[in-house]
Every structure is written in structure tokens, then in C-alpha cells.
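In our numbering, the protein residues as written are 1 to 189.
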Ligand SMILES: C[S@@+](CC[C@H](N)C(=O)[O-])C[C@H]1O[C@@H](n2cnc3c(N)ncnc32)[C@H](O)[C@@H]1O
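Here you go:
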């Protein structure tokens, strides 16, 4: 169903890690940080999540709002928001931030992660996928921010790491790009 809605609007399928997370996390209030035009938000909404979708790109949010309106979707709220502000106001069972951290202002990333963590409900999840820059695999793309080896794991000390890897992938041009991929669960109180 989600693939239909995404392809109907010219969007890629949801990120594979979002699909995987959707298989183990029960529908809840979810936040999609850096939603672009909504491939992941639309997927989660089809699974029954109530999704808040945030991006600082006005055109992307307007496109997602158009899709929401055309499809009569009542469980996505799409808003313009600068993640660098680290000023979330609500709490969520799932916060997803896929391939977005690396576009943030580097001095703000710690505050952004702390803000995500403090606005995750007990027993809730954070899903992060972010490019890395390590001695073994220097990042070939000039992203403003990249993670160092172990940096994301260390930031989630005390959380259950349901999934964590720092795998290396090969881009279309043959360059190697290392990503940290993490699904972490906050301790229940
Ligand atoms: C590569 S896209 C990833 C989109 C989506 N998360 C996905 O998995 O397809 C990165 C997104 O982050 C958004 N973004 C970059 N910096 C941002 C910021 N400071 N605040 C909010 N969104 C931001 C961009 O506008 C873009 O939509």
C-alpha cells in the first residue's frame, strides 16, 4: 500500500531501515526529522503511526502537504522546522532521522541528539542513519557533518542498541562511503 502511495506521487520507497523499524515497532506517535517530501512519513502513516514530519525545506513540506491533502491522510502533520534549533516540544515513541544529520551545523549536532533523546518516551526508539568520516574510510562527500568511529554508539550509552553498525557501502561511482546505522531503545522507567 505504501509503495503505491509513494510511487503514485513520484517518491522513492521508504528507507530500508524505516521499513525494518516498522516491522518491530508498534504504531505510536512518530517524528520524522528531515522528512523531505515524505517517503518515510507516508510509509509510517500507512502502518498506523501518527507522524509529525519536519524539514526546513519549504518546497518539500508543501509537496508533502499536497500529497496529504490529495490522499485524505489524517495522521501526518508536516511542518517547516530547523533541526539545528533542537527545540522539540512533544514526546514520541519513535524519532527517525535518516541521512539528515550530516547536513546539520556541526556544533549543533550534540544538542540535536540530546533533544531527540529527551523527547523520546520511555521504551521508545531513535533511528539514525548518518555518514561517517574515519581514518580507514575518509568521507568522499563534503557533508558539513560526519560521525567518527563509535561516536553515535557512545552518544547512546545506556540505551539498548537494537541495531548498530558502521558498515561501508559502495556508491555508483565506486567511491566507498561509511554509514552509522542505529536503532536504539530508550530504557523504560
Ligand atoms: C538526504 S535528505 C533525507 C530525507 C529523508 N530523511 C529520507 O530518508 O529520504 C535530507 C533532508 O534533510 C533536510 N534538512 C537538512 N538540513 C536540515 C535542517 N537544518 N533542518 C531540517 N531539515 C533539514 C533536507 O531539506 C532534506 O530534506
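Yeah, the Cβ is synthetic: ideal placement off N, Cα and C, and Gly gets one too.
Since the model is a prediction, treat every value here as computed from it, not as a measurement.
Within 10 Å of its beta-carbon, does residue i have 16 or more other beta-carbons around it, so buried, or fewer, so exposed?
i	result
residue 24	exposed
residue 168	exposed
residue 112	buried
residue 22	buried
residue 170	exposed
residue 186	buried
residue 69	exposed
residue 188	exposed
residue 209	Residue 209 is absent from the model: the chain starts at 1 and stops at 189.
According to the Cβ coordinates, are residue i and residue j closer than 8 Å?
i	j	result
residue 106	residue 142	no
residue 80	residue 56	yes
residue 18	residue 86	no
residue 5	residue 42	yes
residue 34	residue 83	yes
residue 180	residue 166	yes
residue 40	residue 14	yes
residue 177	residue 131	yes
Tell me, please, which residues DSSP counts as bridged to residue i.
i	result
residue 78	53
residue 132	147
residue 95	31, 126
residue 170	176
Item to complete: Would you be able to state if there are at least three C-beta pairs under 8 Å between the segment 149-163 and the segment 44-59?
Response: no
Worksheet item: Taking contact to mean at least 3 C-beta pairs separated by less than 8 Å, is the segment 116-124 in contact with the segment 76-91?
Response: yes
Worksheet entry | Sequence-ordered residues whose beta carbon comes within less than 5 Å of a heavy atom of ligand 1 | 15, 34, 36, 55, 56, 57, 82, 83, 84, 98, 99, 100, 103
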